[in-house]
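S.K.: In the UniProt record's numbering, the protein residues as written are 1 to 445.
Where is the CB? At the ideal position from N, CA and C, for every residue including glycine.
None of the values given here were measured: they were computed from a predicted structure.
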Amino acid sequence: MSRILTVRGGVPLKGRIQVRGAKNLVPKAMVAALLGNAPSTLRNVPEIKDVEVVTSLLQLHGVTVVKDPVTGDLTLDPANAKTASSSEINTHAGDSRIPILLCGPLIHSIGHAFIPDLGGCKIGDRPIDYHLEVLRKFGAVVDKTGGGILISAPHGLKGTKISLPYPSVGATEQVLLSATRAEGITELSGAATEPEIIDLIAILQKMGAIISVQTDRTIRIEGVNELSGYVHTALPDRNESASWASAALVTGGDIYVEGASQRDMMTFVNTFRKIGGGMDIHDDGIRFYHKGGDLKPLVLETDVHPGFMTDWQQPLVVALTQAEGVSIVHETVYENRFGFTNALTRMGANIQLHRECLGSVPCRFGQRNFIHSAVISGSTPLTGTTIDVPDLRGGFSHMIAALAAQGTSTVTGIDIISRGYEKFTAKLDGLGADFDVHESSKVLR
Ligand code: EPU
1 MSRILTVRGG
11 VPLKGRIQVR
21 GAKNLVPKAM
31 VAALLGNAPS
41 TLRNVPEIKD
51 VEVVTSLLQL
61 HGVTVVKDPV
71 TGDLTLDPAN
81 AKTASSSEIN
91 THAGDSRIPI
101 LLCGPLIHSI
111 GHAFIPDLGG
121 CKIGDRPIDY
131 HLEVLRKFGA
141 VVDKTGGGIL
151 ISAPHGLKGT
161 KISLPYPSVG
171 ATEQVLLSAT
181 RAEGITELSG
191 AATEPEIIDL
201 IAILQKMGAI
211 ISVQTDRTIR
221 IEGVNELSGY
231 VHTALPDRNE
241 SASWASAALV
251 TGGDIYVEGA
261 SQRDMMTFVN
271 TFRKIGGGMD
281 IHDDGIRFYH
291 KGGDLKPLVL
301 ETDVHPGFMT
311 DWQQPLVVAL
321 TQAEGVSIVH
331 ETVYENRFGF
341 TNALTRMGAN
351 IQLHRECLGS
361 VPCRFGQRNF
371 IHSAVISGST
381 PLTGTTIDVP
391 DLRGGFSHMI
401 AALAAQGTST
411 VTGIDIISRG
421 YEKFTAKLDG
431 LGADFDVHES
441 SKVLR
């Protein structure tokens with residue numbers, strides 16, 4: 001049963017929260033454990049839905065996953081990896097996009113992989129063509145069946161030359177997880193180099209992989225026969241950190257985000273400063289706060305790393321509704337990531353959406369009728385309303401808009417937010433938000 005949030009807005013969020021391991025690294029690090037010949041230990045693991053889904057999928061494939069009751073560290077032992085029943089795997093259809101990354105490791109350990117229909121946020125088509133093409137290049141055979149995809153490699157996976165048409169995060173990870181134990185050398189050009197990818201490379205290197213990252217988005221992997229286990233502390237979640245930073249701006253608040261890492265958020269830090277946000281950067285975290293006075297409008301384009309991360313866009317757009325003047329945001333990673341602005345408009349924001357590329361660089365979506373640019377005129381007061389959460393980052397954005405708005409908002413579908421924000425209602429509570437969580441007619445908080 002889904003939970004419902006009733007928010008009484010207008011209270012600045014103030015206090016301290018902790019951000020743990022990155023949602024966009026931890027599930028992949030868990031998958032990497034399948035490649036080892038010994039158990040792996042992963043530290044700084046958040047309690048989020050994607051971790052539950054991958055734990056279950058690994059367990060179905062015979063991997064022993066043990067969670068330390070005190071620290072939450074995971075020990076993953078692939079010694080008894082085995083084929084799982086497709087009907088059991090299919091119970092996870094639509095839950096997450098991570099299963100596609102099980103292909104390479106499963107082929108190496110048990111010779112084949114069955115992947116359910118995928119899930120993930122509804123922010124565009126989110127195809128898997130790059131993934132399947134990559135697997136075919138390694139010599140895998142892909143059979144689409146009614147309920148999923150069966151992938152096998154009758155002659156094992158062989159190193160190859162791959163050039164990605166776009167620096168896709170997932171396809172780069174697919175290559176890494178397939179190539180490290182493939183026979184021979186793999187050269188990937190057009191790779192993504194997000195911090196979470198570099199952390200995955202660090203994990204694979206700890207396991208014994210030979211991987212070099214060159215300055216021109218080329219990654220070279222020399223396949224090895226065997227990999228060991230790893231002990232690794234996941235890098236902190238820069239997307240969750242940036243989300244709470246935007247929450248501080250939107251609500252006129254002051255939030256110390258313990259675990260926020262400046263190094264992985266350089267582009268966000270620059271943007272936050274340009275909009276007029278206050279920051280104190282420390283070794284163990286960053287204090288983000290509203291300095292009082294007006295916020296400044298911005299012209300912004302999302303991009304692959306080291307550009308402005310697309311996952312930072314949605315919460316920041318809410319802050320831009322509170323800036324004095326006209327802001328322009330050009331989304332170049334996903335073709336359909338502005339749907340969440342409909343609810344903001346209903347709350348009083350002035351946001352116009354456009355098909356044109358309103359940025360300095362024409363992107364892949366410009367001539368294809370995708371609504372992927374936004375013009376935001378502020379500042380506009382926000383008023384509480386009824387919202388159904390559409391996706392992870394859009395949902396967080398709606399929640400912080402409701403927290404800033406005058407009056408009461410009812411937010412449904414909030415379980416989507418738990419996919420990437422650990423214990424977010426407890427964090428809101430600690431920050432002084434005025435809200436209740438209901439399930440049917442029961443008040444949980
Ligand atoms: N794409 C294709 N074909 C493919 C794969 C991707 O056309 O086979 C396109 C996508 O449709 C998109 C673009 O390439 O337009 C980039 O997608 P990418 O593969 O980089 O994204 P991803 O690996 O599916 C991860 C994160 C996303 C994050 C993106 C971009 C995970 C689990 N998800 O997705 O995170 O936005 O990289 O950095 O790591 C989120 O956290 O809210 C989220 C959506």
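1) Could you pull out every residue in the same chain whose Cβ sits closer than 8 Å to the Cβ of Ile255, ignoring the five residues on either side in sequence?
2) Please name the residue or residues paired with Phe308 in a DSSP beta bridge.
3) Quick one: is Asn24 buried, meaning 16 or more other Cβ sit within 10 Å of its Cβ, or exposed?
4) Tell me which residue opens and which closes the beta strand (DSSP E) that Leu42 is part of.
5) Using DSSP with H/G/I as helix, E/B as strand and the rest coil, what is Phe424?
6) Is Tyr130 helix, strand or coil by DSSP?
7) Per the DSSP calculation, Val65 is bridged to which residue(s)?
8) Please return the same chain residues whose Cβ sits closer than 8 Å to the Cβ of Asn239, not counting the five positions on each side in sequence.
9) What is the DSSP secondary structure of Pro99, reduced to helix, strand or coil?
10) My output table needs one value for Ile224: the three-state DSSP class, helix, strand or coil.
11) If I'm right that Thr218 touches Leu188 with Cβ under 8 Å, what's the distance once you round it to whole angstroms?
12) I need the straight-line Cα distance from His61 to Ala84, nearest angstrom please.
13) By the DSSP assignment, the beta strand (DSSP E) with Ile281 in it spans what residues?
14) Opposite Tyr166 in the DSSP bridges: which residues?
15) Write down the C-beta distance between Ile107 and Lys137 rounded to the nearest angstrom, noting that I regard them as a contact closer than 8 Å.
16) Determine, using beta carbons only, whether Pro195 and Asp264 come nearer to each other than 8 Å.
17) Just the Cα atoms here: how many angstroms apart are Val45 and Gly72?
18) I'd like to confirm something about Ile98: is its beta-carbon nearer than 7 Å to some heavy atom of the ligand EPU, or not?
19) Specify, as a first and last residue, the run of the alpha helix (DSSP H) that Gly206 falls within.
20) Cβ-heavy atom distance between Asp129 and the ligand EPU below 7 Å?
21) Which class does Ala81 belong to by DSSP, given the choice of helix, strand or coil?
M.R.: Put simply:
1) Counting from 1 along the sequence shown, the entry for residue 255 is found at position 255. Around Ile255: Leu13, Lys14, Gly15, Arg16, Ile17, Trp244, Ala245, Ala247, Ala248, Arg287, Phe288, Tyr289 and Leu431.
2) For this step, residue 308 is matched to residue 308 along the sequence shown. Phe308 pairs with Thr302.
3) Working through the sequence shown from its first residue, we reach residue 24 at position 24. With 16 or more other Cβ atoms within 10 Å, it is buried.
4) Sequence index remark: in the sequence shown, residue 42 carries index 42 (1-based). That run of the beta strand (DSSP E) goes Ser40 to Arg43.
5) In the sequence shown, the residue the question calls residue 424 occupies position 424. In this structure, Phe424 counts as helix in the three-state DSSP scheme.
6) Here residue 130 corresponds to residue number 130 of the sequence shown, with the count starting at 1. In the structure shown, Tyr130 sits in a helix (DSSP, three-state: H, G or I).
7) One-based indexing of the sequence shown puts residue 65 at position 65. BP columns for Val65 point to Leu76.
8) Here residue 239 corresponds to residue number 239 of the sequence shown, with the count starting at 1. Correct list, in chain order: Ala22, Lys23, Asn24, Met309, Asp311, Trp312, Arg393 and Gly420.
9) Residue numbering aside, residue 99 sits at position 99 when the sequence shown is read from its first letter. Helix at Pro99.
10) Start at 1 with the first residue of the sequence shown, and residue 224 comes out as number 224. Per the sequence shown, the amino acid found at residue 224 is Val instead of Ile. Coil, per DSSP.
11) Here the question's residue 218 lines up with position 218 in the sequence shown. Here the question's residue 188 lines up with position 188 in the sequence shown. Rounded, the Cβ-Cβ distance is 7 Å, consistent with contact.
12) Taking the first residue of the sequence shown as position 1, residue 61 is located at position 61. Taking the first residue of the sequence shown as position 1, residue 84 is located at position 84. Their backbone Cα atoms lie some 5 Å apart in a straight line.
13) The count along the sequence shown starts at 1 and reaches residue 281 at position 281. That run of the beta strand (DSSP E) goes Gly277 to Ile281.
14) What you label residue 166 is simply residue 166 of the sequence shown in a count that begins at 1. Tyr166 is not bridged to any residue.
15) Along the sequence shown, read from residue 1 onward, the residue named residue 107 stands at position 107. Along the sequence shown, read from residue 1 onward, the residue named residue 137 stands at position 137. Contact doesn't hold; Cβ gap of about 13 Å is too wide.
16) Taking the first residue of the sequence shown as 1, we reach residue 195 at position 195. Taking the first residue of the sequence shown as 1, we reach residue 264 at position 264. Yes, the Cβ-Cβ distance between Pro195 and Asp264 is below 8 Å.
17) By 1-based counting over the sequence shown, the position of residue 45 is 45. By 1-based counting over the sequence shown, the position of residue 72 is 72. About 6 Å.
18) Along the sequence shown, one-based indexing puts residue 98 at 98. Checking every heavy atom of the ligand EPU against the Cβ of Ile98, one is found closer than 7 Å.
19) Position 206 of the sequence shown, counted from the start, is the residue given in the question as residue 206. The sequence as given places Lys at residue 206; Gly does not occur at that position. Lys206 -> alpha helix (DSSP H) spans Pro195 to Met207.
20) Along the sequence shown, one-based indexing puts residue 129 at 129. For the ligand EPU, at least one heavy atom lies less than 7 Å from the Cβ of Asp129.
21) Within the sequence shown, the letter at position 81 stands for residue 81. Coil.
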